[in-house]
Every structure is written in C-alpha cells, then in structure tokens.
Amino acid sequence: MHDQVFTLLEPGDVLVVNPAASCYTKAILKVTEERSMLFVWIALWLVSIVLLMSDSRKSSIRWLSAVAFCGGCGALSAVIGDTILPYAIEQGANATIQKLLDGLRILTSLFQYYGMPYSFALFALYYNTPSLVGSRIRFASSVLLIPAAAMLLFVKPIHPVNYPIAALWALPYVVAGTLLVLFKREPTRALRRNHMLVILIVVPTVVFCAVMNYVLPSLGYFEMWRYNTWIIAYAVLLFLVAIFKYGFMGVQFLIEKKRLDVTIRAITSGTSILNHAIKNDVGKMKLFSEKIAAYAEETKQTELAADIQVIRNASRHIQEMISRVHEQTQDLALVVGRHRPADIVRELLEQLAPYLRHLDVGVELKEDVELEIDRAQIAETVNNLIMNAAEAMPKGGSLFVRLYETKKHAVIEVRDTGPGIAKQHLKQVLEPFYSTKGGGGRLNFGLGLAYCYNVMNKHGGKMEIDSEIGKGTAVSLYFSRRRRGTHGTNQGADRRG
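The following block contains the structure:
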C-alpha cells in the first residue's frame, strides 16, 4: 500500500504529513530539475554547433549560435551548482578542485547574464541589416559591450549578479533586438517563411528568458530561470521540425546540399565511365552499319537498307543521349571573368525568341551589375530556366526575367505563370533524373535543374525555387556581392511581348 503524503480529516481536525513521503517527493523534484538543466545545456550547445556548421561565415548565424551558447552556459552553471559540485564535495574532492568548479559555475553564469542579451542584440543587427560591415559594426559591437564591461569592473560583488542594474541595459537590448527582428522584410515567399520561423523560435524564447532572468529577480523572485526549461524545450522542438521540414537559417540547405553534392559526384563518376564504355561500341555500330548500308545500296536491297537505317537512327539516338547526360553531369571547371548578367540575359532572350513567341515576356534588368562568373555556364543555366518556364506554358502565359540586387546578393529571377509545382515535389526537383515533365520535344532526363544547382554551387552561390499550384514558379539564382563589381547607378528596364 502506497504512503499518503497528505491526509485531510474532518473539518477542524489536523493535517497529517508523512515525512518519508515528503522527502521522497522532494528528491524526485530535485532529480527532475537536475535532468532538465542537463537537457537545456546539451540541447542549446547542440543547436549552437549545428548553426555554426550550417554557415559559420554568416555573421547573423554566428551571433545566433552565440545566443544559444550563452543560454547553454546558464544551464551548465546550474548543473555544476546542483549536481557536480555537491557530488565532488561528497566524494572528498580537495579544496582546489572545489574552487575550480565553483569558479567555472560563476563564469558560465556570467556568460549567460551578460552574453545572451549582447549576442542577441548583435544577431538582430546583422539579421535586420546584413550590409553592416567594417568600422560601423565594430563601433556598434564596442558600444554595446560597455554596460557589461562596466558592471564587471565597477559593480561588486561580480556574482551573484546585481539584477536591477543588469536589467537596465539587458532589457533594452532584448526589446531593441526583438523589434529589429520583427520589422525585417523579406522579398520572396521562401525567405518570408524562414523569417517567420526565426520569429516563432527565437523571439519568444529570448523574451521569456529575459523576463525570468532579469525582471522577476529584480522584483525579488529568485531562481525563476529554472522555468526557462519549458520555453527552451519548445524552441528546440520547433527548431528540429524546421530544419527537417522547411529549413532554418540555412540549416536544411546544408543537409540537402551535402546529399545533393554526394549524389552529383556519384553520377559524375558513373556517367563518365558509362560514356567511355558505350561511346566505343556505338562508334563500331555506326561504322559497320554504314558499311552494310553501302552494301545494301550497291546490291539494291531496299528492305535491308531500311532495316539498317533503323539501327543507324538508334545508335545516333544513344550517342546523343549519352552526350547530353555527360554534358550535364561532368565535373565543372569554371572559366571565370567579369561579365554583366544583363548582357547574358538579353542575348539569351534574343536567341530564344522563336521558342517564346507564344508567351508575354517581361524583362527588368539592373544594367550596372558586374559579376565574377563563368559566362558560358551561367548562360546555359539561365537558358535551362527559361526553357523550363516556356515548356511549362505550352498554351501561353507570362514569363518574367528580372536582375536585381539585395543587401547581400545579386539575383537573377525567372518567373512563369505555369501550373506550378506541388509542394511534395519541390524538395525533389533538384535531384538528378527527377522530372515532372513528360517526353517533350527535347531529350529530357531531369538533369537541367541539377546542372543549374551544380553551377551555382561552383560559383559559391545558391538557387531557390518558389512555386505554388495554379500560380506558377519562380527560380532565383543568388550570387554573393563579394564576387561582384558595379559601375554607375543607372537601372534599365524594358518590356517585350
């Protein structure tokens, strides 16, 4: 029979407490708290590592990783204070080890209280204004560091933290950072979805932790940070869902990129072997079929001539097929020069005009953009995108080609009003040999977009696809502005149709 913790008798009688059961309950709660802090520490540091692995060159990702790291430091401080240090004392650890552990507890606690609002403010600055570079951002970083440095130098004791003073600067950092994140505007639907995930994951977590870490302790409610476990569990869960289903701050792109790179390398190797193996035999078929055709003509054997023509057509088709697959899967060696994408797009549209007569074609080109690119490869990439769009609208529609700039990229966008791509197919369209088309007039192996992805990858850029059933598809090629140069400020636009 289980012990009862509380036994309530008739009104007016006394409340009886079972001491053993009470101690047992407290022990369970203590273990639960210790494990929850261990979870928070490990989870936040894993998130920090994953973010850094996704793109450590991107400043906003580095500072968001720092936010997670500082939050994890707070949990580590609790783990040391609640579990590791008491265990060391119980096991008879000497004074030096105890002092080191206590020092680490204080240091990690300070990282949380001073580092998290500072890191969040810088993350928000970079996230909202990615063009901040050089002396301006260094100045902002230094100014934002002053309150934390002043507290460490002039407010004694250093630990525990003086919550009212810390709140005077930490809360404005959190509020300002939150506003910067909330008021960021994204140009495309895919980027807007990513931005919404940032809002849902980062903002509630940081604001909740700020209330628990600074506001409530300033009002006399201490150790409220233990309730941060729940909001952090929510954030980590949503982060995991996001990276596997939608992508978050580029993390899914990292996973997909690795998988696509491996697939493309395997296909490059395989088609190279296949090309060499088949090319020689097809050459023999062609040579001997020509000899037989000549013999059939000399001997007036029309039936034999017709049969051998079938073989010649088949061998030519095999050769064309293998050549096309090899061209679009071979390892690319870039021949880079400085070129104007506007010129490339304009020339392509002139060449493809006969194929686009049934479409209303719109063009908007920023004329002054120059990029360090392989002209031939980029021309073929844009050609693939335009032809894909044209084939998606056999009965007519609108095609719009745009070249524009954002704070970080020069972008070539090809947009159509075709049937669109179903959501379940969007993640597969970059895979080699995957195609939503039927046969069509051109040889089609589902390699066009995989080739485009490969070209952009070689240029250090990226390709994004945004599509909606019934509305059409937009494919955007992003080139880093670090690889570009511009002259003048004029922007040209024209309309063709």
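Residue numbers (my numbering): 3 to 499.
Backbone N, C-alpha and C define an ideal beta-carbon position, used for all residues, glycine too.
This structure is a prediction, so every number in the text was calculated from the model and none was measured.
By how many angstroms is the C-alpha of residue 45 removed from the C-alpha of residue 81?
For the purposes of this step, residue 81 is identified with residue 79 of the sequence shown, where counting begins at 1. For the purposes of this step, residue 45 is identified with residue 43 of the sequence shown, where counting begins at 1. Residue 81 and residue 45: Cα-Cα distance of roughly 14 Å.
Any idea if residue 127 is buried or exposed, counting beta-carbon neighbours within 10 angstroms, 16 or more meaning buried?
Residue numbering aside, residue 127 sits at position 125 when the sequence shown is read from its first letter. Under this definition residue 127 is a buried residue.
Pairs of beta-carbons, one from the stretch 205 to 212 and one from the stretch 133 to 152, closer than 8 Å: are there three or more?
no
Exposed or buried, what is residue 101 when buried is set at 16 or more other beta-carbons lying within 10 Å of its beta-carbon?
In the sequence shown, counting from the first residue as 1, residue 101 sits at position 99. Exposed, since its Cβ has fewer than 16 Cβ neighbours within 10 Å.
Please name the residue, chosen from 340, 453, 103 and 472, that lies closest to residue 88 on a Cα-to-Cα basis.
Position 86 of the sequence shown holds residue 88. Cα-wise, what sits closest to residue 88 is 103.
Are residue 216 and residue 169 closer than 7 Å when you measure CB to CB?
Residue 216 sits at position 214 when you count from the first residue of the sequence shown. Residue 169 sits at position 167 when you count from the first residue of the sequence shown. The answer is yes: Cβ separation under 7 Å.
Please state whether DSSP places residue 414 in a helix, a strand or coil.
The sequence position of residue 414 within the sequence shown is 412, counting from 1. If DSSP states are grouped into helix, strand and coil, residue 414 belongs with the strands.
Would residue 121 pass as a contact of residue 49 if the rule is Cβ separation under 7 Å?
The residue labelled residue 121 in the question sits at position 119 within the sequence shown. The residue labelled residue 49 in the question sits at position 47 within the sequence shown. Cβ atoms of residue 121 and residue 49: not closer than 7 Å.
For residue 318, name the three-state secondary structure that DSSP assigns.
What you label residue 318 is simply residue 316 of the sequence shown in a count that begins at 1. Residue 318 falls in the helix class under three-state DSSP.
Just reading off the beta strand (DSSP E) that residue 362 is part of, what are its end residues?
Along the sequence shown, read from residue 1 onward, the residue named residue 362 stands at position 360. Unbroken beta strand (DSSP E) run through residue 362: 361 to 367.
Pair every Cβ in the stretch 56 to 68 with every Cβ in the stretch 89 to 97, then say whether three or more of these pairs are closer than 8 Å.
At 8 Å Cβ cutoff, the stretches do not touch.
Using the C-alpha atoms, what's the distance from residue 306 back to residue 475?
In the sequence shown, the residue the question calls residue 475 occupies position 473. In the sequence shown, the residue the question calls residue 306 occupies position 304. Rounded to the nearest angstrom, the two C-alpha atoms are 50 Å apart.
Given a threshold of 16 other Cβ atoms within 10 Å of its Cβ, counted over all protein chains shown, does residue 480 qualify as buried or as exposed?
In the sequence shown, residue 480 corresponds to position 478, counting from 1. Buried, by the Cβ-count rule.
According to DSSP, is residue 405 part of a helix, a strand, or is it coil?
Here residue 405 is taken as the residue at index 403 of the sequence shown, counted from 1. Strand.
Write down every uninterrupted run of the alpha helix (DSSP H) in the stretch 21 to 105 whose length is 4 residues or greater and which is fully enclosed by it, in chain order.
21 to 57, 61 to 81 and 87 to 92
Can you check which of these residues, 377, 419, 172 and 375, is closest to residue 393 by C-alpha distance?
Along the sequence shown, read from residue 1 onward, the residue named residue 393 stands at position 391. Answer by Cα proximity: 419.
Quick one, are the C-beta atoms of residue 233 and residue 42 less than 7 Å apart?
In the sequence shown, counting from the first residue as 1, residue 233 sits at position 231. In the sequence shown, counting from the first residue as 1, residue 42 sits at position 40. Their beta carbons are not under 7 Å apart, which means residue 233 does not touch residue 42 by this criterion.
Taking the straight line between their C-alpha atoms, what separation do you get for residue 397 and residue 362?
What you label residue 397 is simply residue 395 of the sequence shown in a count that begins at 1. What you label residue 362 is simply residue 360 of the sequence shown in a count that begins at 1. Spanning the alpha carbons of residue 397 and residue 362 requires a straight line of approximately 11 Å.
Leaving out five residues on either side along the sequence, give the residues of the same chain with a beta carbon under 8 Å from the beta carbon of residue 299.
Translated into the one-based positions of the sequence shown, residue 299 becomes position 297. Taken in chain order, the residues that qualify are 307.
Buried or exposed: residue 412, going by 16 or more other Cβ atoms within 10 Å of its Cβ?
In the sequence shown, counting from the first residue as 1, residue 412 sits at position 410. Around the C-beta of residue 412, 16 or more other C-beta atoms lie within 10 Å, and the residue is accordingly described as buried.
Locate the alpha helix (DSSP H) running through residue 179, then write down its first and last residues.
Numbered from its first residue, the sequence shown carries residue 179 at position 177. 165 to 184 is the extent of the alpha helix (DSSP H) around residue 179.
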